[in-house]
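Quick notes on the structure that follows.
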Amino acid sequence: MEKIKIEIEQLKKAQDLDRDLYVSAERLKEIPLELEALKQKLESEKNQLKELEGTLRTLQLKQKEKELELGQKEAQIKKLDSQLSQVKTNKEYSALQQEIASLKADNSLLEEDILKILEEVEAAQEEVRKEKERLKLREKDYGILEAELKEKEKRLQESCETLKNQRQESLSQVDPEIRSAYDAVVQKRQGIALSKVTGEICGACKMKLRAQVLNEVMMGQSLVACENCSRFLYIEPS
Ligand SMILES: [Zn+2]
165 MEKIKIEIEQ
175 LKKAQDLDRD
185 LYVSAERLKE
195 IPLELEALKQ
205 KLESEKNQLK
215 ELEGTLRTLQ
225 LKQKEKELEL
235 GQKEAQIKKL
245 DSQLSQVKTN
255 KEYSALQQEI
265 ASLKADNSLL
275 EEDILKILEE
285 VEAAQEEVRK
295 EKERLKLREK
305 DYGILEAELK
315 EKEKRLQESC
325 ETLKNQRQES
335 LSQVDPEIRS
345 AYDAVVQKRQ
355 GIALSKVTGE
365 ICGACKMKLR
375 AQVLNEVMMG
385 QSLVACENCS
395 RFLYIEPS
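Here the working numbering is used: the first residue of the sequence shown is 165, the next is one more, and so on.
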């Protein structure tokens with residue numbers, strides 16, 4: 165067997181590993197992004213709850229303000245009521261009565277407002293309660309997904325480590341110059357540095373090879389690269 169054929173056989177073993185290594189490494193790169201996306205999704209759900217809680221607080225504040233106003237007006241009515249017995253003239257009496265009537269009218273509107281706000285507060289409380297429940301379930305789901313992703317990450321890291329060691333092993337007998345050329349193409353071409361010639365075509369990039377290139381591959385004197393994709397060409401003995 166010519167030397168270059170032996171080298172190519174060794175490279176082919178490395179190539180099988182490098183193909184898997186590339187896929188695993190790419191998958192590994194995605195996991196931190198997926199974890200981050202998961203985190204952000206949960207964060208946005210938490211913000212949704214915060215918004216609902218904010219709405220509830222605003223309504224409760226409005227309720228308190230109206231109740232305070234009602235209390236003040238009621239106290240005023242009480243005060244005016246007690247003045248009724250002390251007034252001297254009919255004119256003063258009817259003016260006071262009018263003032264009381266106007267305050268009472270205000271208060272009945274206020275009471276209506278307060279009832280309406282109370283209904284809104286109750287509805288908002290219900291929404292907050294439901295959202296909290298939903299968030300609790302979501303957090304549980306996210307916890308499970310996060311654990312799964314981290315487990316997957318760990319497995320991929322281990323498998324990448326194993327594949328790296330195995331490729332080192334299978335490349336250990338390869339000529340250092342060929343090896344570094346091979347490594348460079350692996351890096352550049354998504355883990356695939358070898359291409360099987362089928363007919364007159366580069367199996368990887370499907371370009372028709374020049375006759376001279378094809379000839380060089382067949383002669384097997386040196387490592388020959390596809391002029392289009394730079395992958396190293398080999399012919400499977402039929
Ligand atoms: Zn090619």
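Heads up, the beta-carbon is just placed ideally off N, CA and C, and yes, glycines get one too.
For I365, the pairing in a beta bridge is given by DSSP as T362, K372. In the DSSP assignment, the residues bridged to L397 are S359. For ligand 1, the residues with a Cβ under 7 Å from any of its heavy atoms are, in chain order, S359, C366, A368, C369, M371, C390, N392, C393, R395.
The residues L199, L202, in chain order, have a CB closer than 7 Å to that of E310 in the same chain once the five nearest residues on each side in sequence are set aside.
Here L216 has E291, V292, E295 as same chain residues with Cβ atoms under 6 Å from its own Cβ, once five neighbours each way along the sequence are excluded.
As computed with DSSP, A389 is found in a beta bridge with F396.
T253 sits in coil when the DSSP states are folded into three classes, being neither helix nor strand.
D339 sits in coil when the DSSP states are folded into three classes, being neither helix nor strand. Separation of the CB atoms of L192 and E317 is rounded to 7 Å, and the pair is thereby assigned contact status at 8 Å.
For Q236, the secondary structure class from DSSP, reduced to helix, strand or coil, is helix.
Between the stretch 369–388 and the stretch 166–174 there are three or more inter-stretch CB-CB distances shorter than 8 Å, so the stretches are counted as touching.
The beta carbon of I365 lies closer than 6 Å to those of K372 in the same chain, with the five residues before and after it left out. Beyond the five residues adjoining it in sequence on each side, E286 comes within less than 6 Å, by CB distance, of no other residue in the same chain.
For a cut-off of 8 Å, the C-beta gap from D270 to K243 is around 15 Å, too long to register as a contact. About 5 Å separates the beta carbon of L267 from that of I241, a gap short enough to meet the 8 Å contact definition. Spanning the alpha carbons of V251 and Q212 requires a straight line of approximately 58 Å. Out of E173, Y186, G235, L175, the CA that lies nearest to the CA of L320 is found in Y186. When the alpha-carbon of I195 is set against those of E315, E209, Q262, the nearest one is in E315. Selection K280, E391, A368 evaluated against Q376 yields E391 as nearest (Cα-Cα). The Cβ-Cβ distance between V350 and F396 does not fall below 8 Å. Sequence-distant partners of A178 (beyond 5 residues in either direction) whose C-beta falls short of 6 Å from its own C-beta, in its chain, are R331, S334, L335.
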